[in-house]
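Worksheet: one structure, shown below.
Numbering (the working numbering), first residue to last: 1 to 212.
Here it is as structure tokens:
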């Protein structure tokens, strides 16, 4: 979606991602779904963690409240998002069901955001070999509500000074915005990718900034 700043100096192009892939896989471990949505009143859901490798593995599952402050993500241990089990030992080919439960939002008018972090733990029984073993970690967004959703309403601002552009996006809706392929285009047609290769979330009532 193109947006011009007040001076018409630049245009901002962004694709709003409306859907996410059903599963994420890296190496021998996979999780699905990659995004979990619950109603405003909370409720139950499941996450599937599968071992696609040939060796047993142990994973830890942690729940966090997800906020954004000063343009950065903040994760704090959650009491609202309950998980069971918090640990799982997976044999080759095994798929484990992780059950989630989110309580009511207490009348919150904005969508509540959480993160499930699934971490592969070191296996002390694995033989010692030369080289480095990379342990995998997934971060799965979980959203609850609100009761009356308002689509993301992004307000853009671009200010040019001393050869740099300060780009700001503020989400005035009560649900998150998910952006991909964010690009800045000057009045002369020069293009500059912003946060290339990444997916950007802007939670309700939050601003994100980029210096270009």
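Beta carbons: idealized from backbone N, C-alpha and C, even for Gly.
Under the three-state reduction of DSSP output, residue 88 falls in the strand class.
For a cut-off of 8 Å, the C-beta gap from residue 106 to residue 144 is around 11 Å, too long to register as a contact. Between residue 29 and residue 56, the C-beta spacing is not below 9 Å. Taking the Cα of residue 36 as reference, the smallest distance to any Cα among 98, 48 and 141 is reached at 141. Counting the other Cβ atoms within 10 Å of the Cβ of residue 155 gives fewer than 16, which makes it exposed.
Look at residue 191 here: in three-state DSSP terms it is strand. Burial is judged here by how many other beta carbons sit within 10 angstroms of a residue's own beta carbon; residue 134 has fewer than 16 and is exposed.
Take the alpha-carbon of residue 185 and the one of residue 73: they are about 27 Å apart. Residue pairing by DSSP puts residue 69 in a beta bridge opposite 72.
Around the beta carbon of residue 166, a 10 Å sphere encloses fewer than 16 other beta carbons of the protein chains shown; the residue is thus reported as exposed.
Membership of residue 137 in the beta strand (DSSP E) is indicated by the continuous run 137 to 144.
In this structure residue 114 is buried. Its beta-carbon is surrounded by 16 or more other beta-carbon atoms within 10 angstroms. Per the C-alpha coordinates, the member of 163, 88, 178 and 210 positioned closest to residue 193 is 210.
Excluding the 5 residues flanking it on each side, residue 170 has same chain C-beta neighbours closer than 6 Å at 155 and 207, in chain order.
Rounded to the nearest whole angstrom, the C-alpha separation of residue 99 and residue 162 is 52 Å. Straight-line spacing of the CA atoms in residue 136 and residue 187 works out to 43 Å. The three-state reading of DSSP puts residue 37 in strand, counting E and B together.
Contact annotation: residue 68 and residue 179 have beta-carbon atoms that are not nearer than 9 Å.
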